[in-house]
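Residue numbers for the sequence shown follow numbering that gives the first Met the number 0, so the first one is 0 and each next one is one higher. Glycine residues also receive a C-beta, built at the ideal position from the N, C-alpha and C atoms. All of these numbers come straight from a predicted model, not from anything done at the bench. Following: one structure in structure tokens, then a few remarks.
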Amino acid sequence: MPLFQILVTIFLTLPALSLSDSCPLNFHLVRSRPSSDSKTRCHYILQSLRILQSDYLHRTGSFPPSNASFSCWTALQDHTHQYDIRSSCNLPSSSFSLSCNNITNQSQFEDLLPLSAKQVWNTCNHSLNSLSSCALCTKALSNLDSHLTDNTTDCKTIASIYAASFSDLQDPRTADCLFNSDFPSSVSTGKRRNILIAAFCTLAFFLLVFGVFWAYFRLKQKNKAICKTEMGLSSGLDSVNQTTTLIRFTFDEIKKATRNFAGDNIIGKGAYGNVYRGMLVDGTQVALKRFKNCSVAGDPSFTHEVEVIASVRHVNLVGLRGYCTATTNLEGHQRIIVTDLMENGSVYDHLFGSAKQKLSWPIRLKIALGTARGLAYLHYGAQPSIIHRDIKASNILLDHKFEAKVADFGLAKFKPEGITHMSTRVAGTMGYVAPEYALYGQLTERSDVFSFGVVLLELLSGKRALEIDTDGQPSAVTDFAWSMVRNGRALDVIEDGMPELGPIEILEKYVLVAILCCHPQLHARPTMDQVVKMLETEESVSSLSCVAGKIDTEKSV
């Protein structure tokens, strides 16, 4: 029910009132039954009094006189026998009249506040049934209140009484606007609750719309960045694609080949990520090196490795079949290199892994020769030459015929022509790194020669590059071999129980070549071309006998 209709139903149980003639207020404006709730009833009484006072001002041009208070209360009380209005509602006896700055009529009010009264007239002299019109009117009333020097309740009320005297009080929303702000009721509370609910729903709607647009914007920016990344990576591999027959695999093809990177397909692990066994749609067995934690910053290393492997072709280097670059919302950046599968794993697997049978001497000799030839090609056959930087047993792979394949070019460096050495950060694996490189960052092809010598000693002795001795101290295979050769016991380096052991002269020659490659002095080491020549020829031990003397002399120094 609208507030005005409720307001006019509050006083009497009788159909109408005819109060005493001595009371100047027109009680016929209010009819109907009182509320059963005391708080609401008192609120309605006060609201009704204001409406009656506004009506009196409209009819007479004056505010209700103070001498009318007693007669109005008496007349009202005579017709409401159920309760004592003044005591129940804690109303002063002067509630029917108004006392503010000695103002008794409309003219005095307007003369006292000419500008403010005129503003109230301009903003409130029409229907106040909209939020905007009500807001303008109440703002004008608050400005008018601030100019009244008397801070009594009547002065706070008189402005609203003045505005209501020329407003349409038959419009319930106008009455609500003028008389509902100071006296909260169940009706106004419900109205405010509805307003708050509407405001909350509106705010929630705008937040939802904002969230949708924000998510769309972020997704668009992310997709834009992904496209930019993929375009940059593709441009970096364009030169590789133009000079090779590499296949660019889709990520779906890679997942299908590895059965979605199944755990039982993992054949190798490293700091870069995992290596998986896979099968292409044509039945070809491949190895897939999947880089982990990839990002835009990590793309150069991936691109570099693809470029290095794609730039070389040799029987003793792992063959590159293709690569995959993809970025998805779920998997993120994916960088994968696809190479030929080496059925017999790595040298490390056979020397120190789970292989049950020791490698025979003919196979070890084949591995040593193949590794040396692959490195010699990198140093002198590739243009520009390439320094591997990470030659070790786990990076020498073996195919089904135990042919050695140098693999993992993640740390490889192209060496510019005419440069004798490069200064770079130290990389590689402890036990395989050359002394001058480990101490000073001085990188040359002979750094790879040192690493090859360590791998050759592992092949010959079956000992790891670094082992922990019985005293808990690290023991290098190079120190063991040096001590054996210096004492004239080169053959003691050879692993006990090696199947199909070769001629003593050849075994001793291989030990001396390995020691020479591991020489602590950079320039005392042979080149890989020289190493291949020494290993391939049937040169006797006597022609290399100077090596033992040189070793003994320089170790003593």
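Just verifying my parser: in three-state terms, what is the DSSP assignment at L287?
The answer is strand: DSSP assigns L287 an E or B state.
If you check the beta carbons only, do F165 and H57 fall under 8 Å apart?
Yes, Cβ-Cβ distance for F165 and H57 is below 8 Å.
8 Å contact criterion, which I102 and I50 should meet: CB distance rounded
Wrong, their Cβ atoms sit about 19 Å apart, outside the cutoff.
C22 - DSSP class collapsed to helix/strand/coil
Coil, per DSSP.
CB-CB length for F449 against A433, believed under 8 Å
At roughly 4 Å, the Cβ-Cβ gap stays under 8 Å, so F449 and A433 are in contact.
Mapping DSSP to helix, strand and coil, what is L458?
It is helical.
Distance, Cα to Cα, A325 vs C200?
If you take the alpha carbons of A325 and C200, they lie about 43 Å apart.
Look at V510 and A480 and say whether their C-beta atoms are less than 8 Å apart.
Taking 8 Å as the Cβ cut-off, V510 and A480 qualify as a contacting pair.
Given the structure, does A162 come close to the ligand SAM, in the sense that its CB is under 7 Å from one of the ligand's heavy atoms?
Only the bare structure without any ligand can be found here, which leaves the ligand SAM out of the picture.
By how many angstroms is the C-alpha of L195 removed from the C-alpha of L24?
Each residue's alpha carbon lies about 38 Å from the other.
Let's test the definition: count the other Cβ atoms within 10 Å of the Cβ of A162 and tell me whether it reaches 16, buried, or not, exposed.
If you draw a 10 Å sphere on the C-beta of A162, you find 16 or more other C-beta atoms in it, and that means buried.
Just verifying my parser: in three-state terms, what is the DSSP assignment at K412?
Reduced to three states, the DSSP call for K412 is strand.
Classify L438: buried if its beta carbon has 16 or more other beta carbons within 10 angstroms, exposed otherwise.
Classification for L438: exposed.
So, helix, strand or coil for I160, using DSSP?
It is helical.
Is A465 helix, strand or coil when you go by DSSP?
Here residue 465 turns out to be Leu, not Ala, going by the sequence shown. If DSSP states are grouped into helix, strand and coil, L465 belongs with the strands.
Where R424 and V208 are concerned, what is the direct C-alpha to C-alpha distance, given to the nearest angstrom?
Rounded to whole angstroms, R424 to V208 spans 52 Å at the Cα level.
Please specify which runs of the alpha helix (DSSP H), each continuous and at least 4 residues long, are wholly inside the segment 463-536, giving them in chain order.
Here the runs fully enclosed are 476-485, 503-516 and 527-535.
Hey, is the segment 415-430 in contact with the segment 327-341, meaning 3+ C-beta pairs nearer than 8 Å?
With contact defined as three or more Cβ pairs closer than 8 Å, the segment 415-430 and the segment 327-341 are not in contact.
S353 versus E402 - alpha carbon distance
Annotation: S353 to E402 spans about 20 Å, alpha carbon to alpha carbon.
Can you check whether the CB of L456 is closer than 8 Å to the CB of S523?
Note on identity: in this sequence residue 523 is Ala, with Ser being the wrong assignment. Not in contact: A523 and L456 (Cβ atoms no closer than 8 Å).
Relative to the C-alpha of R276, which candidate in K400, L143 and L287 has its C-alpha closest?
Closest option to R276, judged by alpha-carbon separation, among K400, L143 and L287: L287.
Kindly list the residues whose CB is nearer than 6 Å to the CB of C133, restricted to its own chain and excluding five residues on each side of it in sequence; keep chain order.
So the list reads L127 and C176, once near-sequence residues are dropped.
Mark S159 as exposed unless 16 or more other C-beta atoms lie within 10 angstroms of its C-beta, in which case mark it buried.
It counts as buried.
Apart from the five residues just before and just after K357, which ones in its own chain have a Cβ nearer than 7 Å to its Cβ?
If the five residues before and after K357 are omitted, its C-beta is found closer than 7 Å to the C-beta atoms of G496, M497 and P498, all from its own chain and listed in chain order.
Can you tell me which of the three DSSP states Q333 falls into?
Residue state, collapsed to three classes: strand.
How about G321 and F248: do their beta carbons lie closer than 8 Å?
Yes, they are a contact pair.
Do you know offhand how far S544's Cα is from L515's?
Low local confidence applies: a pLDDT of 49 at S544 is under 50, so the model's placement there is unreliable, and no value is given.
Are the CB atoms of N104 and S141 within a distance shorter than 8 Å?
No. Outside cutoff.
What's the call for E444, buried or exposed, on a 16-neighbour Cβ count within 10 Å?
E444 should be labelled buried.
On the criterion of 16 or more Cβ atoms from any shown chain inside 10 Å, does D470 qualify as buried, or is it exposed?
It counts as exposed.
Is the number of C-beta pairs between the segment 253-270 and the segment 300-308 that are closer than 8 Å three or more?
Touching, no, given that fewer than three Cβ pairs across the two stretches are closer than 8 Å.
Taking the alpha carbon of G417 as the reference point, which residue from P383, P525 and S446 has its own alpha carbon closest?
Closest by alpha carbon: P383.
For the alpha helix (DSSP H) that contains L374, what are its first and last residues?
Unbroken alpha helix (DSSP H) run through L374: W360 to A375.
Below 7 Å CB to CB, which residues in the same chain sit around S483 once its five sequence neighbours on both sides are set aside?
The sequence shown places Met at residue 483, rather than the Ser named in the question. So the list reads A489, D491 and V492, once near-sequence residues are dropped.
Measure the C-alpha to C-alpha separation of A392 and F408 and round it to an integer number of angstroms.
Rounded to whole angstroms, A392 to F408 spans 14 Å at the Cα level.
For P91 and R85, what's the separation of their Cα atoms in angstroms?
So the alpha carbons of these two residues sit roughly 7 Å apart.
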